Amino acid sequence: MTAARAAVEILKREGVSNAFGVPGAAINPFYAALKAAGGVHHTLARHVEGASHMAEGYTRTHPGNIGVCVGTSGPAGTDMITGLYSAIGDSIPILCVTGQAPTAVIHKEDFQAVDIASIARPVTKAATTVLEAAQVPGVFQQAFHLMRSGRPGPVLIDLPVDVQLTEIEFDPETYEPLPVYRPAATRAQAEKAVRMLNASERPLIVAGGGIINADASDLLVEFAELTGTPVVPTLMGWGVIADDHELNAGMVGLQTSHRYGNATFLESDFVLGIGNRWANRHTGKLDVYTRGRTFVHVDIEPTQIGKIFAPDYGIASDAKAALTLFVEVAKELKAAGELLDRAAWATSAQERKATLHRRTHFDDVPLKPQRVYEEMNRAFGPETRYVTTIGLSQIAGAQMLHVYKPRHWINCGQAGPLGWTIPAALGVATADPEATVVALSGDYDFQFMLEELAVGAQHRIPYVHVLVNNSYLGLIRQAQRNFDIDFQVNLEFENLNSPELGVYGVDHVKVAEGLGCKAIRVTEPDQLLPAFEQAKKLAAEFRVPVIVEAILERVTNIAMSGSDIASVNEFEDLATEPWHAPTEILPLT
């Protein structure tokens, strides 16, 4: 069979059922093999970067998923670099397959010939241009081994067109994936870590995205319940423990954090970090974050331990392997009567959770964004999968929305590219077609890759997209306050074709409808909940993306700190009455 056909047969045997991409001359032999082999559903993107983000969303939705994105030579590969960077930053395995000019002319400035492997290497676990057709099966086999082993991440395979067409000997029936390598904690390491936690008075667990990658959320909750330890999920770990669980202490950080989360963290004396990387927007200034606390860090990547600060004890381990032993040790200590009672400490965390609220209920017109998230909490239940990337919309959403399950907050955490949300949501909805998928964007994120809405219309991929529009680069405007400027962040203009919008410029409803989707515009707070309910019905009826555009006040400053978690600037009024924050997890007391 051709090397291209062998590659497709390996995809199927490695569990791949979906791919996202855009064909082209240099990758057409691979597409011919996709069609001839069957078994891999392909979604045609409108932009190759969009295909890479669709693959990310697909991977992030279910344990074991690996999204595949495909493009031709030259600019297709360079377009997908952002997706590869996003994937490696968040430890997400995706496979990027690109076409390439014939081997004889790769270095002769042939049309669309670029050394994509060299370009991609810094943002992948491996990037290879395959020059010998007989190596194609081994390169693909190794790719899946690397993507799944250790800290997960993306791989790029570049296939010259002549290599794809060359016939090789390959027996797909006897193909077997390579064993996956994941470091595992030892019993002695687990005993030391758990005893260090047990020796503290006010311990916390910081639960990172590595727990979700390892599919170990149930073990994390079991360990927290055994030891009575409150849990702080990171932004990437949000959902490992339900927001309404009595040991969920809230999120910590400069931006995507809760008032009660930061307050509880500052009272702690011991922190067990599992599958997290101490991201700077979580920690802020390290002297404030670490002062007076003992740290144990568990991470699958050995070189991650000590990268940001030196913990008091480090364990290189897969989160599931470590938590399995942690639970075992904790059960033994409990049976021996050696586990300390931390009910008072856990209760104090819940008291903060019931007290330190931000206000969400405003009746202003134009809308205040906080009201949008309040009504989203009413409209979308615990089964909702939220998808978002960056901006004030994401920050405020993380402060005010609620997540109850792993992989139900699907967020591009490290890279944060504008435009990520639409294609990622399409990938999520492809992976879980019966789920309620709700994307969240500001107007600029929405405009970056809005052509991908046509993919949802063409392939009947329904989801609801909440678009908060203030016609501003809101996060950058807020950051520019430190420079006393408001420069090149204004998106407003009077649209000649939609004068009813005033200065809000782009008519997103017309654009969405022109791309084959449904759209609703909301200008008053009482319209929000009915609009969300109508959007769910339209998505179910027409099987296309449905946009709910909320017209916001032009300027809102969302709570955040520029330095440390002890000095968050709240900007807006805080909740002082129960009706100020009616959809908070715990009513205001």
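The opening residue of the sequence shown carries number 31 in our numbering; numbering runs sequentially from there. Note that beta-carbon positions come from the ideal geometry of N, C-alpha and C, so glycine has one too. Being a predicted model, the structure only gives us computed values, none of them experimental.
(request) Mark S597 as exposed unless 16 or more other C-beta atoms lie within 10 angstroms of its C-beta, in which case mark it buried. (result) exposed
(message) Measuring CB atoms only, is the region 273 to 285 touching the region 352 to 372, in the sense that at least three cross pairs come out at less than 8 Å?
(response) no
(request) From the DSSP output, in three-state form, read off D188 for me. (result) strand
(message) Please confirm whether E405 has its beta-carbon closer than 9 Å to some beta-carbon of chain B.
(response) Of the protein chains in this structure there is only one, and it is not chain B.
(request) Could you have a look at P132 and say whether DSSP puts it in helix, strand or coil? (result) coil
(message) Per DSSP, what are the beta-bridge partners of D329 in this structure?
(response) A346
(request) Report the residue ranges of all alpha helix (DSSP H) runs contained in full by the region 227 to 269; include only those spanning at least 4 residues, in chain order. (result) 239 to 243 and 247 to 257
(message) If contacts are defined as beta-carbon pairs under 8 Å, then L618 and E607 qualify, I think. What distance do you get, rounded to the angstrom?
(response) 7 Å
(message) I'd like to check one pair, G258 with A237: are the Cβ atoms closer than 9 Å?
(response) no
(request) Determine the direct distance from the alpha carbon of P167 to that of A33, and round the result to whole angstroms. (result) 8 Å
(request) Tell me where the alpha helix (DSSP H) around Y434 begins and ends. (result) Note, Y434: premise wrong, no alpha helix (DSSP H); not H, not E.
(request) Please name the residue, chosen from F141, I235 and H610, that lies closest to P132 on a Cα-to-Cα basis. (result) F141
(request) Would you mind sorting N527 into buried or exposed? The rule is 16 or more other CB atoms within 10 Å of its CB. (result) exposed
(request) Would you kindly work out how many angstroms separate the C-alpha atoms of A569 and T196, rounded to a whole number? (result) 45 Å
(message) Just to confirm, is the Cβ distance from I235 to L302 under 9 Å?
(response) yes
(request) Enumerate, from N- to C-terminal direction, the unbroken alpha helix (DSSP H) stretches of 4 or more residues contained entirely within the region 444 to 482. (result) 451 to 461 and 473 to 478
(request) Name the one or two DSSP bridge partners that R551 has. (result) E579
(message) Using the three-state DSSP reduction, which class does F174 fall into: helix, strand or coil?
(response) helix
(message) Quick check on the DSSP output: what are the complete alpha helix (DSSP H) runs of length 4 or more inside the region 85 to 145, in order along the chain?
(response) 105 to 109 and 111 to 119
(request) Compare the C-alpha of T385 against each of A49, A611 and G535 and name the closest. (result) A611
(message) Per the DSSP calculation, L302 is bridged to which residue(s)?
(response) I235 and V326
(message) Under DSSP, the alpha helix (DSSP H) around Y502 begins and ends at which residues?
(response) Where Y502 is concerned, there is no enclosing alpha helix (DSSP H), given that its DSSP letter is neither H nor E.
(request) Compute the Euclidean distance between the alpha carbons of Y534 and F476, then round it to the nearest angstrom. (result) 14 Å
(message) Are there any heavy atoms of the ligand SAM lying less than 8 Å away from the beta-carbon of I235, as far as the coordinates show?
(response) The ligand SAM is not part of the structure shown, which contains no ligands of any sort.
(message) Does Y416 come out as helix, strand or coil in the three-state DSSP assignment?
(response) strand
(request) Please state whether DSSP places A163 in a helix, a strand or coil. (result) helix
(request) For the region 81 to 88 and the region 112 to 119, state whether three or more C-beta atom pairs, one from each stretch, are separated by less than 8 Å. (result) yes
(request) Could you check what DSSP says for Y613 in three-state terms: helix, strand or coil? (result) The amino acid at residue 613 is misidentified as Tyr; the sequence shows Thr. It is coil, neither helix nor strand.
(request) Could you check if W375 is buried or exposed, using at least 16 other CB atoms within 10 Å of its CB as the buried criterion? (result) buried
(request) Enumerate, from N- to C-terminal direction, the unbroken alpha helix (DSSP H) stretches of 4 or more residues contained entirely within the region 37 to 77. (result) 58 to 67
(request) Would you list the one or two residues that DSSP bridges to R388? (result) L604
(request) For Q334, count neighbouring C-beta atoms within 10 Å of its own C-beta (all shown protein chains included) and say buried if the count is 16 or more, exposed if not. (result) buried
(request) Could you check if A134 is buried or exposed, using at least 16 other CB atoms within 10 Å of its CB as the buried criterion? (result) exposed
(message) Please report the straight-line C-alpha distance between P263 and K65, rounded to a whole angstrom.
(response) 43 Å
(message) Assuming W375 is part of the beta strand (DSSP E), what are its boundary residues?
(response) Not the beta strand (DSSP E): W375 falls in the alpha helix (DSSP H), residues A373 to K383.
(message) Could you tell me the alpha carbon to alpha carbon distance between R382 and R389, rounded to whole angstroms?
(response) 15 Å
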